[in-house]
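Since the structure comes first, as structure tokens, the remarks are kept for the end.
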Amino acid sequence: MNRFQVIPAAYVIFRRTHDGAEQVLLQLRQNTGYMDGHWACGAAGHVEQGESMFAAAVREAREELGVRVVGQDLLPATVMHRTTAGGGPIEERVDFFFQCRTWSGEPALQEADKALSLRWFDLTALPDPVVPHELYVLKQLGAGSLDPVVAFGF
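Read left to right, the sequence shown gives residues 15 to 168 (this note's numbering).
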């Protein structure tokens, strides 16, 4: 049996309350080669060598949305250990999901070559399709039943 090698990634779930509904900010992926045409968390990406998951989340929020987030505004949502049968190394992950309700600046697409749209959605009315492992997190979050550590795809 081969040793499982994981790639860490950080996700920022931007949240707000709008007209009494809990909403999340999602972007529609394009031209990335991974889950293009799927909605995904507002900001996410690999943790770089020598970088903490908090620093990665802050960096991704700035790079992808042009907003400033500080570490204390990142509230841990869950850690997901995931894989997909036959998916190869790209699907061998440990994902750190954070919720964020406070930031500076107005979220806007900064990488238009990688995302087609950016929109707020009610947690109870998510678009289709959403990246499967992210959909799992968002649905559990909306139901108030998201565990602090989860496994997906095993």
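Just so it is clear, CB atoms sit at the ideal spot from N, CA and C, and this is done for glycine as well.
Taking only the alpha-carbon atoms, compute the straight-line gap between residue i and residue j and give it to the nearest angstrom.
| i | j | result |
| --- | --- | --- |
| VAL84 | TRP117 | 8 angstroms |
| LEU89 | TYR150 | 18 angstroms |
| LEU152 | LEU137 | 7 angstroms |
| ARG29 | ALA165 | 23 angstroms |
| TRP53 | ASP109 | 17 angstroms |
| TRP134 | ALA99 | 32 angstroms |
| HIS32 | ARG17 | 46 angstroms |
| ASP161 | LEU123 | 30 angstroms |
Could you pull the DSSP bridge partners for residue i from this structure?
| i | result |
| --- | --- |
| TRP53 | LEU42 and VAL144 |
| THR92 | PHE111 |
| GLY85 | Bridge partners of GLY85: none, in fact. |
If you run the structure through DSSP and keep just helix, strand and coil, what is residue i?
| i | result |
| --- | --- |
| PHE68 | helix |
| VAL151 | helix |
| SER125 | It should be pointed out that residue 125 corresponds to Glu in this sequence rather than to Ser. GLU125: coil per DSSP, three-state reduction. |
| ARG76 | helix |
Contact check, residue i vs residue j under 8 angstroms by CB: the rounded distance?
| i | j | result |
| --- | --- | --- |
| VAL26 | ALA69 | About 12 angstroms; that fails the 8 angstroms criterion. |
Given 8 angstroms as the limit, is there contact between the segment 38-51 and the segment 131-147, that is, 3 or more CB pairs closer than that?
-> yes
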